[in-house]
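Counting in my numbering, the sequence shown runs from 15 upward without gaps.
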Amino acid sequence: MTQDELKTLVGQAALQYVAAGSIIGVGTGSTVDKFIDALAASGIQIKGAVSSSVRSTERMKALGITVFEAAEVESLGVYIDGADEIDHGGHMIKGGGAALTREKIVADLAEQFICIADASKLVDVLGQFPLPVEVIPMAAAQIARRFAALGASATLRAGVVTDNSCHILDVRGLQIKDAKAFESDVNQWPGVVTVGVFARNRASVCLLGTAEGVKTLKFD
Ligand code: 5RP
């Protein structure tokens, strides 16, 4: 199966976590696009969704799915999103699509984070994928120097302005073994809006698309 077919498979599999009449949280990316398409085709009648990006909002609205503002909702049962990497503890790197801040906000509303990913995303140690960090533009150079002091290399993602009018640094050369501590530490640096490590609020479940079918990894 191709990577695209594996994404379709897990997008479809995520429907089992969607309760009729509920409001769900929806992430961003090509895997989530497959989920949105599967949801629209499924006939499951949900009340609506809270979206993590302009991209997902537009796709859902075009398919007739009602989109709520995060401020209109106090809690969500599930948040469904992809990942750039996920380790065997459910910690993730996210933000390849530059939507990490809103993704973290919507994920935080939800009781369960359901990660949908093809098998290439499962890693032993986070950091092979360049870590996205959303930053206030005036702090970008200063934050890049802090990563350099850790032996990593941060580059500004050219031409990208996030939905929050900020910039993205992509950081190479990290090996993130204690994801929770790393997330807390980098979050304290002045000018960091969001670090793309999702550890404090990690996945509860990962639906992993493999050549043998969908594997369900549970982390609680
Ligand atoms: C967007 C994300 C995505 O979930 C991540 O980049 C995975 O994307 P894809 O499903 O296209 O592989 O974090 O900010």
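Cβ atoms here follow ideal geometry from the backbone N, Cα and C, with glycine treated the same way. Small disclaimer: the values here were computed from a predicted structure and weren't measured.
From residue i to residue j, what distance separates their C-alpha atoms?
| i | j | result |
| --- | --- | --- |
| P144 | T16 | 23 Å |
| T115 | T80 | 22 Å |
| K118 | G111 | 13 Å |
| Q202 | D234 | 27 Å |
| L136 | E99 | 6 Å |
| A195 | F49 | 31 Å |
| V24 | A113 | 20 Å |
| I37 | S134 | 30 Å |
| R214 | G43 | 21 Å |
| A162 | S89 | 39 Å |
| G223 | T230 | 9 Å |
| G210 | I150 | 15 Å |
| V46 | G39 | 11 Å |
| D138 | F212 | 15 Å |
| V206 | L170 | 13 Å |
| E197 | D51 | 32 Å |
Counting C-beta neighbours from all protein chains within 10 Å, is the total for residue i 16 or more, i.e. buried, or is it exposed?
| i | result |
| --- | --- |
| L77 | exposed |
| G227 | exposed |
| T176 | buried |
| K108 | buried |
| S66 | buried |
| M106 | buried |
| W192 | For clarity, residue 192 is Asp in the given sequence; the question names Trp instead. Classification for D192: exposed. |
| H102 | exposed |
| T208 | buried |
| K232 | exposed |
| E19 | exposed |
| D132 | buried |
| P204 | exposed |
| G35 | exposed |
| V68 | exposed |
Would you say the beta carbon of residue i is closer than 6 Å to some non-hydrogen atom of the ligand NAD?
| i | result |
| --- | --- |
| G223 | Among the ligands present in this structure, namely the ligand 5RP, the ligand NAD is not found. |
Can at least three beta-carbon pairs, one atom from the stretch 71–78 and one from the stretch 180–190, be found at a separation below 8 Å? no
Identify every run of the beta strand (DSSP E) within the stretch 53–81, keeping only runs that are complete inside it and at least 3 residues long; order them along the chain. 62–65
Do the stretch 217–228 and the stretch 146–160 make contact, defined as three or more Cβ pairs closer than 8 Å? no
Does the count of Cβ pairs from the stretch 23–32 and the stretch 46–58 closer than 8 Å reach three? yes
Hey, is the stretch 89–100 in contact with the stretch 113–131, meaning 3+ C-beta pairs nearer than 8 Å? yes
Check each residue's C-beta against every heavy atom of the ligand 5RP and list, in chain order, those closer than 5 Å. T42, G43, S44, T45, G96, D98, K108, G109, G110, G111, A113
Unbroken stretches of the beta strand (DSSP E), 3 residues or longer, contained in the stretch 173–220: 181–186, 206–209
Jot down the residue ranges of each uninterrupted beta strand (DSSP E) in the stretch 124–158, minimum 3 residues, whole runs only, in chain order. 124–132, 145–149
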